[in-house]
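Q: Taking the working numbering, the leading residue of the sequence shown gets 1094, the next gets one more, and so forth.
We put the beta carbon where it would ideally sit given N, CA and C, even for glycine.
None of the values given here were measured: they were computed from a predicted structure.
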Amino acid sequence: MSNSYNYRHLYYFWVVAKEGSMSKAAERLDMAIQTISAQVHELEKSLGYMLFKPAGRGITLTESGFAALKIADQIFSIGEKLPEAVRDAAKSPKTKITVGVSDGLPKLITRQLLEPILKHKDVQLIAYEGEFDDLLADLALHRLDILLADRPAPNNKNLNVYSEELTKTSIAWFSPKQFVKQGKKSFPECLSELPILLPTSHSTVRLLIDQWFTKHGITPNIVGEFEDSALLKTFAASGLGVFPAGKLIEKDLEETYGIELLGNCDEIHEYFYAIRSEKKIEHPLVQAIIKQ
């Protein structure tokens, strides 16, 4: 069996399978039946399996043929979008980049990580937020140009992706103004008394924070847990409680939410990664993110 095959031969097979006969496929393609038959036979030869078998006066797909048709449907349904995609790209001078953002990644951190590409002119950013595993699968299927996450990709040779650490930050505790004076007097012991807001366990830093509480003998008064980091900060700004976040966004928290630093927690660090699929031609804007 050959390790490569001709996509034109695969296309002829696909048309025959869709039309249900060699003669109808030949008519649709405006080619001789013998030519179509020969091309399909070449595909079978390169794959090492029969794709059609006799059925009465006609032909039908073999089990191998059904498997090939399933893949061919995916290939050519995507291929049909090619003219439109090329036409749209020609009309717009913008460079498009599709980014996956793991839902464990703080929104303000995401903005900072993407800042290098936003400085470029004529950039069209398409961002998808979702579960880490789902986005990782999309990256492996080349539906994303890059994935930003708070964890590296797992070791899996089948995924063909690799991770690079972009930055890290120590954790600190932040507070709306009404709790700052009370908190700074006895930090971190005050965290046993003040209302606490935390990320849910989907965030890699949550386990580290829970361990830090135990180490320092703190029994937190948890009044809220949030999967969405921006929602957590919005509730904090309204006075619901104090919360942990990366020192990297201290300035943004003060300017955007009016939130102040309560105390440092230098024992805990949060790491942020760019995950890419293996490509011979690298997207120029991906390089801008990596090299920041």
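With three or more C-beta pairs closer than 8 Å as the rule, is the segment 1288-1308 touching the segment 1184-1199?
A: yes
Q: Would you say GLU1257 and TYR1364 are within 8 Å of each other, going by their C-beta atoms?
A: no
Q: DSSP has GLY1356 in a bridge; who is on the other side?
A: DSSP lists TRP1266 as partners of GLY1356.
Q: Per DSSP, which residues does GLU1343 bridge with? Please list them.
A: Bridge partners of GLU1343: none, in fact.
Q: Between THR1297 and chain C, is the shortest Cβ-Cβ distance under 8 Å, so that the two count as touching?
A: Of the chains in the structure shown, none is chain C; there is only one protein chain.
Q: What's the gap between the Cα of LEU1341 and the Cα of LYS1384?
A: Computed Cα separation, rounded: 18 Å.
Q: Tell me whether the beta-carbon of ASN1314 lies closer than 8 Å to the beta-carbon of LEU1290.
A: no
Q: Between the alpha carbons of GLU1112 and ALA1119, how many angstroms are there, rounded?
A: 9 Å
Q: Please give the ranges of any beta strand (DSSP E) in the segment 1221-1264, keeping only runs that are unbroken, at least 3 residues long and fully inside the region.
A: 1239-1242
Q: Given that a residue counts as buried once 16 or more other Cβ atoms are within 10 Å of its Cβ, and exposed if not, what is ASP1181?
A: exposed
Q: Is LYS1187 helix, strand or coil by DSSP?
A: DSSP places LYS1187 in coil when its eight states are reduced to three.
Q: On a Cα-Cα basis, can you pick out the residue from VAL1108, VAL1192 and ARG1150 that is closest to ILE1168?
A: With distances taken between Cα atoms, ILE1168 lies closest to VAL1108.
Q: Residue range of the alpha helix (DSSP H) that PHE1306 falls in?
A: For PHE1306, the enclosing alpha helix (DSSP H) covers residues 1297-1308.
Q: Per DSSP, what kind of secondary structure is SER1170 in: helix, strand or coil?
A: helix
Q: Taking just the CA atoms, how far does GLY1332 sit from GLU1347?
A: Looking at the two C-alpha atoms, the distance is approximately 14 Å.
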